[in-house]
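These notes are about the structure you will find just below.
There are 2 protein chains.
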Amino acid sequence: MGRRPTSFDIAQLAGVSQPTVSRALRGSKSVNAQTRQRIEAIARSLHYAVDKHASSLRSQSANTLALLFFEEPAEDESTINPFFLSMLGSITHACARAGYDLLISFQQLSGDWHVDYQDSRKADGIILLGYGDYEAYRARLDHLTEQGTKVVRWGAVGTGPAGITVGSDNRGGGEAATAHLIARGRRRIAFLGAADGRYPELEDRYLGYRDALAAAGLAVDDGLQVDAITTEDAGREAIAELARRGADYDAIFAASDSIAIGAMRALAAAGRSIPDDVAIVGFDDIASAQLTNPPLTTVTQDARRAGEALVRTLLVKLRGEVSEDAFLPTRLVIRASS
Amino acid sequence: MGRRPTSFDIAQLAGVSQPTVSRALRGSKSVNAQTRQRIEAIARSLHYAVDKHASSLRSQSANTLALLFFEEPAEDESTINPFFLSMLGSITHACARAGYDLLISFQQLSGDWHVDYQDSRKADGIILLGYGDYEAYRARLDHLTEQGTKVVRWGAVGTGPAGITVGSDNRGGGEAATAHLIARGRRRIAFLGAADGRYPELEDRYLGYRDALAAAGLAVDDGLQVDAITTEDAGREAIAELARRGADYDAIFAASDSIAIGAMRALAAAGRSIPDDVAIVGFDDIASAQLTNPPLTTVTQDARRAGEALVRTLLVKLRGEVSEDAFLPTRLVIRASS
DNA sequence: AAGGGACGGGCATACGTATTCACTGGTTCA
DNA sequence: TGAACCAGTGAATACGTATGCCCGTCCCTT
Numbered sequence: 001m002g003r004r005p006t007s008f009d010i011a012q013l014a015g016v017s018q019p020t021v022s023r024a025l026r027g028s029k030s031v032n033a034q035t036r037q038r039i040e041a042i043a044r045s046l047h048y049a050v051d052k053h054a055s056s057l058r059s060q061s062a063n064t065l066a067l068l069f070f071e072e073p074a075e076d077e078s079t080i081n082p083f084f085l086s087m088l089g090s091i092t093h094a095c096a097r098a099g100y101d102l103l104i105s106f107q108q109l110s111g112d113w114h115v116d117y118q119d120s121r122k123a124d125g126i127i128l129l130g131y132g133d134y135e136a137y138r139a140r141l142d143h144l145t146e147q148g149t150k151v152v153r154w155g156a157v158g159t160g161p162a163g164i165t166v167g168s169d170n171r172g173g174g175e176a177a178t179a180h181l182i183a184r185g186r187r188r189i190a191f192l193g194a195a196d197g198r199y200p201e202l203e204d205r206y207l208g209y210r211d212a213l214a215a216a217g218l219a220v221d222d223g224l225q226v227d228a229i230t231t232e233d234a235g236r237e238a239i240a241e242l243a244r245r246g247a248d249y250d251a252i253f254a255a256s257d258s259i260a261i262g263a264m265r266a267l268a269a270a271g272r273s274i275p276d277d278v279a280i281v282g283f284d285d286i287a288s289a290q291l292t293n294p295p296l297t298t299v300t301q302d303a304r305r306a307g308e309a310l311v312r313t314l315l316v317k318l319r320g321e322v323s324e325d326a327f328l329p330t331r332l333v334i335r336a337s338s
Numbered sequence: 339m340g341r342r343p344t345s346f347d348i349a350q351l352a353g354v355s356q357p358t359v360s361r362a363l364r365g366s367k368s369v370n371a372q373t374r375q376r377i378e379a380i381a382r383s384l385h386y387a388v389d390k391h392a393s394s395l396r397s398q399s400a401n402t403l404a405l406l407f408f409e410e411p412a413e414d415e416s417t418i419n420p421f422f423l424s425m426l427g428s429i430t431h432a433c434a435r436a437g438y439d440l441l442i443s444f445q446q447l448s449g450d451w452h453v454d455y456q457d458s459r460k461a462d463g464i465i466l467l468g469y470g471d472y473e474a475y476r477a478r479l480d481h482l483t484e485q486g487t488k489v490v491r492w493g494a495v496g497t498g499p500a501g502i503t504v505g506s507d508n509r510g511g512g513e514a515a516t517a518h519l520i521a522r523g524r525r526r527i528a529f530l531g532a533a534d535g536r537y538p539e540l541e542d543r544y545l546g547y548r549d550a551l552a553a554a555g556l557a558v559d560d561g562l563q564v565d566a567i568t569t570e571d572a573g574r575e576a577i578a579e580l581a582r583r584g585a586d587y588d589a590i591f592a593a594s595d596s597i598a599i600g601a602m603r604a605l606a607a608a609g610r611s612i613p614d615d616v617a618i619v620g621f622d623d624i625a626s627a628q629l630t631n632p633p634l635t636t637v638t639q640d641a642r643r644a645g646e647a648l649v650r651t652l653l654v655k656l657r658g659e660v661s662e663d664a665f666l667p668t669r670l671v672i673r674a675s676s
């Protein structure tokens, strides 16, 4: 056999020209049905598959999407946010269903990712995944959208260029979590997570927290808000900070499960009981949330639907249509920590 | 601006021919250093990047690796083995360092994955990841290696075609885990996990278990071995099976953390205390192992080195050199469950 | 002074596909 | 009985790069 077969080989065997083979295999309706079937049969018997690079070169489209994970520069490469990993399955499946390949890459926020995929034509569109200091990549993001690059990102709906964001109802989720704690009789509820604009998703959760307090007629005590990024260390540190302040609290709403888990560890180490002394609610519903002691009440985001929405939105943009930001509902999962 | 720049544009601006641009940018030494620098400067200023598809078509190499995850057909797509996910980071980084892109895909064991990447030239080599019934894909694997396709897989060293397997020292890890339980004074140690050849990695762990028993002069009691695949459900079910048998045991070596976690749940539900009534050791050291109650003693596999070894081995094969199966050490991590 | 490298770079071409255009034979409609 | 049409197909070409081959120049050798 030697060489792998080309469309010319098929053409010869079928007694037609190469263009006819190309047309037949990609389903052009200007090919006679019989001819098509003959060609398809031959292609199958030779294990023929269209050469991806030749096809892409000619048609000027890669038939590939790129998935870019962002890390905080300092972070250990093994500590990928579990929530993003759980989207991986649905993203790959959604891509496969649409006939696209998926390239995957991890990037530093500070890197040159904003030109690589565009310039080398590796992918037709890009999916951006990552919590991270939003300001740090806003400029690159704007650059991409101005160039007409097709991009979607997971994040806080309402921030960044319109039509490219898919995100959870963070504010609603934050409100539900906080309202739940209030309904449990808690009155001094701490918020662990960034409240400024650098992490818009966390900020939205904070706003939801305030919504719930306001709805219940409770005052916001700034002494109960501690900045924390989404790592366990940050959660531990936040508890230490509250102790330093001498803050008095009977509940915690942590802006992510990672923060919550870190906080629970610190509380356990300090001998405070959960939920008796301090009730706690997280956000994300990562796999570990079921395993904490006690199991963590949290706000679940539907990773499967999230991944599908990202791909769907990107495909809409690839077709040249205008897409709207997508907004996914969240749901409170009550476990023993509250 | 309009079009994206090609090597011809650069050539014109630099006053050289297109081939010279190509040679300069890919570091051929037959280009004058000054000329090269001029070309590189122009390329940078135009944000030029080599068109991946044209390059691949001409050079007949994709500069891309494919990572294929296998699922058991029935399994839910969100339950990817956490250990494999933790390899993802190091695999992507190793690829990036080597200048390769990484395609990722999930596959059913029964699918046509063994022809797709080969025939369409999407990737130069394939990384296979997945526990799974080995018999179910042995034929496809053989087919690939016979065709000369470059493949590496994670699995039990010694099974399958030579030179393409990277795996942990499962037998040594199993022995260490079991010896540890024996050293803790346990004598009736159950093994949860497949002992037959369908899951060679689990089988190796079982052999290690027997090694340790033999070394301690303990007899193997077949009534203490229960088949289980690596899911929490299987772990739960295994405990039920032991109860059904009326088996008497004071320790468990579970062939994976998932099994161990399921078993712990079942034991807790049955009111048996860990480690007092039953000590338990797992295998993998997934993130959740630290969060169980009590934290799980387990055998850790170095996911980072594993990913790097997979990529390294594959690159060796791509260079046409002969590679050897790689063998990674394991390490017992003692926590409170034993 | 003539021969021989080494160096630097141009010319031509090939990689395998998709698409535009032109062409053929048959059909339909006035 | 043309003319206008349509379905079906082939010829030619372009996509952007990498590489084999060849040629000129300069310098060194004998």
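Each protein sequence line maps, in turn, to chains F and S. Under the working numbering, the residue at position 311 of the first sequence is numbered 311, and the numbers go up by one with no gaps. Heads up, the working numbering is the position in the second sequence plus 338, with the first residue counted as 1. In this text, a Cβ means the ideal position worked out from N, Cα and C, and glycines have one as well.
How would you list, in chain order, the residues of chain F whose beta-carbon sits under 8 Å from the beta-carbon of residue i?
i	result
valine 619 of chain S	Result: empty, since nearest Cβ-Cβ is about 17 Å, beyond 8 Å.
alanine 607 of chain S	Chain F residues near alanine 607 of chain S: none, gap ~14 Å exceeds 8 Å.
Could you tell me which chain F residues have their CB closer than 7 Å to the CB of residue i, listed as they occur along the chain?
i	result
serine 661 of chain S	Ordered by position in chain F, no residue passes the 7 Å Cβ test against serine 661 of chain S, which lies about 24 Å from the chain.
lysine 488 of chain S	Ordered by position in chain F, no residue passes the 7 Å Cβ test against lysine 488 of chain S, which lies about 15 Å from the chain.
asparagine 631 of chain S	Asn293
lysine 460 of chain S	Lys52 and Asp101
According to DSSP, simplified to helix, strand and coil, what is residue i?
i	result
glycine 511 of chain S	helix
lysine 390 of chain S	helix
isoleucine 567 of chain S	coil
glycine 620 of chain S	strand
alanine 11 of chain F	helix
glutamine 34 of chain F	helix
methionine 1 of chain F	Caution is warranted here: a pLDDT of 46 is assigned to methionine 1 of chain F, below 50, making its placement in the model unreliable, and the coordinate value is therefore given only provisionally. It is coil, neither helix nor strand.
threonine 300 of chain F	strand
alanine 664 of chain S	strand
glutamate 241 of chain F	helix
threonine 344 of chain S	coil
serine 366 of chain S	coil
histidine 518 of chain S	helix
glutamate 321 of chain F	coil
aspartate 560 of chain S	helix
leucine 384 of chain S	coil
What first and last residue would you give for the beta strand (DSSP E) that runs through residue i?
i	result
phenylalanine 408 of chain S	402-409
glutamine 356 of chain S	Per DSSP, glutamine 356 of chain S belongs to no beta strand (DSSP E); it is in the alpha helix (DSSP H), 356-363.
alanine 289 of chain F	It is not in any beta strand (DSSP E) - alanine 289 of chain F carries neither H nor E in the DSSP assignment.
glycine 167 of chain F	165-168
alanine 343 of chain F	The structure shown does not extend to residue 343 of chain F, since chain F is modelled only from 1 through 338, so no value can be given for it.
threonine 668 of chain S	668-671
isoleucine 252 of chain F	251-254
Output, in chain order, the set of chain S residues within a Cβ distance shorter than 8 Å of residue i.
i	result
histidine 342 of chain F	Only positions 1 to 338 of chain F appear in this structure, which leaves residue 342 of chain F out of reach.
leucine 57 of chain F	Asp389, His391, Ala392 and Leu395
What in chain S is Cβ-close to residue i, meaning under 9 Å?
i	result
serine 256 of chain F	Those within 9 Å of serine 256 of chain F in chain S number zero; the least Cβ separation is about 15 Å.
alanine 7 of chain F	Inspection of the sequence shows that residue 7 of chain F is occupied by serine rather than by alanine. Near serine 7 of chain F there are no residues of chain S at all, since even the closest Cβ is about 13 Å away, more than 9 Å.
alanine 62 of chain F	Lys390 and His391
serine 288 of chain F	Ala625, Ser626, Gln628 and Leu629
For the alpha helix (DSSP H) that residue i lies in, which residues bound it at each end?
i	result
alanine 607 of chain S	595-607
leucine 213 of chain F	200-215
leucine 318 of chain F	303-318
So residue i contacts chain F; which residues on that side make the cut at Cβ distance below 9 Å?
i	result
lysine 349 of chain S	The sequence given here places alanine at residue 349 of chain S; lysine does not occur at that position. Simply none; closest approach about 17 Å.
arginine 342 of chain S	Gln118, Asp119 and Arg121
Complete alpha helix (DSSP H) runs within the region 81-159 of chain F (minimum length 4 residues, chain order): Within the region 81-159 of chain F, complete alpha helix (DSSP H) segments of at least 4 residues are found at 82-97, 113-120 and 134-146, given in chain order.
Residues of the region 416-443 of chain S with a CB closer than 8 Å to any CB of chain F: list them in chain order, please. The region 416-443 of chain S vs chain F, Cβ under 8 Å: Ser416, Ile418, Pro420, Leu423, Ser424, Leu426, Gly427, Ser428, Thr430, His431, Ala434, Asp439, Leu440, Leu441, Ile442 and Ser443.
Compile a chain-ordered list of the residues in the region 301-333 of chain F whose CB is closer than 7 Å to at least one CB of chain S. Across the region 301-333 of chain F, CB contacts with chain S closer than 7 Å involve Ala303 and Arg304, in sequence order along the chain.
What residues in the region 177-189 of chain F have a beta carbon less than 8 Å from any beta carbon of chain S? Within the region 177-189 of chain F, no residue qualifies.
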